[in-house]
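In case it helps, numbering that gives the first Met the number 0 puts the sequence shown at residues 0 to 206.
Quick reminder that beta carbons are idealized off the backbone N, C-alpha and C, glycines included.
One structure below.
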Amino acid sequence: MERLSRRERERLRHRREILDAALELFSERGYHNVSVRDIAQKAEFSIGTIYKFFEGKEDLYRSLMLDKAEELHAQLIEALRREGDEVEKLRRFITTKCRLFRENVKIVRLYFTETRGAGFSIKAGLDQEIRKKYDECLKLVASIFRSGMEKKIFNDLSDPYRLAVALDSVCNGFIFLWLEKPEEHPLPEDPNLILDIFFKPLLLQSS
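What follows is the structure in structure tokens.
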């Protein structure tokens, strides 16, 4: 990999500092209550510097969401592709997903509370890009179910892609409960609490 120059590293650091400042303010006040001037002050840059990196607040918000989506997506894909049997891979997927949501709760809350109420141009672009990444994960999960069926590990209960959607939905149900009422519904540290709901009727043999 080509080594970045000092100037390029500094530019990336400044971009990251701007995005971090924006996340703090958006999560505290909401998207519509934060201005580019607020972000510049928080990041300790001039407004002109902000516009060197982003076209405006909408572009900054989209970049923040897409950067984080790319980061989380890469970690989920890596978890699914790592060596292991089918059950182990699916357990690792859910464990990784719950961990990532727990570690990135600010931006997760921001996405679900603000993007749904943001302008059409933000929603359309974000939803399209994030959906592509989401679907890639689901197809990889589906391929694991398909492999497990071929090896007679799983019952052939349904189409593998539908099983992938179902498994992800079970996980999301626990995550959304946690997001709404974290004290009443803490996100389980042990993935078995989530996974056994799904795996017990699916497994043909002990795995």
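Query                                                                                                                                                        : Result
Between Glu135, Val140, Val164, Thr112, which lies nearest to Glu27 when the distance is taken from Cα to Cα?                                                : Thr112
Assign Phe153 to one of three DSSP states: helix, strand, or coil.                                                                                           : strand
So, helix, strand or coil for Asp189, using DSSP?                                                                                                            : coil
Let me make sure I understand the geometry here. Which of Arg2, Gly83, Ile174, Arg145 has the alpha-carbon closest to that of Val107?                        : Ile174
Within 8 Å (strictly less), CB to CB, does Phe92 reach chain C?                                                                                              : Checking the listed chains, one finds no chain C in this structure; it contains a single protein chain.
Helix, strand or coil for Lys180, going by three-state DSSP, please let me know.                                                                             : coil
How about Arg90 and Leu194: are their beta carbons less than 8 Å apart?                                                                                      : yes
CB-CB under 8 Å to Ile38, same chain, minus the five flanking residues each way: which ones, in chain order?                                                 : Ile17, Ala20, Ala21, Leu24, Ile49, Lys56, Leu59
Report the three-state DSSP secondary structure of Leu71 (helix, strand or coil).                                                                            : helix
Using DSSP with H/G/I as helix, E/B as strand and the rest coil, what is Arg61?                                                                              : helix
Quick check on DSSP: helix, strand or coil for Arg81?                                                                                                        : coil
Could you tell me whether the segment 165-184 touches the segment 92-100, using the rule of 3 or more Cβ pairs below 8 Å?                                    : yes
Should Leu137 and Val164 be called a contact, given that it needs their Cβ atoms to be closer than 8 Å?                                                      : yes
Could you pull out every residue in the same chain whose Cβ sits closer than 7 Å to the Cβ of Ile196, ignoring the five residues on either side in sequence? : Val169
Looking only at its own chain, which residues have a Cβ that is under 6 Å from the Cβ of Ala78, when we skip the five neighbours before and after it?        : Arg91, Phe92, Thr95
Between Ile152 and Val86, how many whole angstroms is the CB-CB distance? I'm expecting something under 8 Å.                                                 : 7 Å
Determine the DSSP secondary structure at Asp66, reduced to helix, strand or coil.                                                                           : helix
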